[in-house]
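Chemist:
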């Protein structure tokens, strides 16, 4: 009899702990974005390769342009001039 009560209490305690864990795992994050912050979301599921020589998708060109440095760049004030970047 005593052992059955102990087993029942253990099961109830374990079930309560499992329910608590499930409820807390599904809780959303409570972070708030400041009002003066711009949040942008992009679909980057079209990326095939991170090779800059094969960046034909818009997402790949965006990522590689912000990740890799070039040997030379165009001068932004006069695009007919080429200036060195890594070279």
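In the working numbering, the protein residues as written are 87 to 173.
From the three backbone atoms N, C-alpha and C, an ideal C-beta is built for every residue, glycine too.
Bear in mind the structure is a predicted one, so any value in this text is a computation, not a measurement.
How about residue 134 and residue 143: do their beta carbons lie closer than 8 Å?
Modeler: Yes. Within cutoff.
Chemist: At what residues does the alpha helix (DSSP H) containing residue 106 begin and finish?
Modeler: Residues 88–111.
Chemist: Is it buried or exposed, residue 141, if we count other Cβ atoms within 10 angstroms and call 16 or more buried?
Modeler: Buried, by the Cβ-count rule.
Chemist: Which residue's Cα is closest to the Cα of residue 139: 115, 109, 151, 102?
Modeler: Considering only alpha carbons, the answer is 151.
Chemist: Helix, strand or coil for residue 160 per DSSP?
Modeler: Three-state DSSP puts residue 160 in a strand.
Chemist: Starting from the Cα of residue 155, find the closest Cα among 145, 173, 165 and give me that residue.
Modeler: Nearest C-alpha to residue 155: 173.
Chemist: For residue 153, which of 160, 163, 114, 136 has the nearest alpha-carbon?
Modeler: For residue 153, the nearest C-alpha among the options comes from 136.
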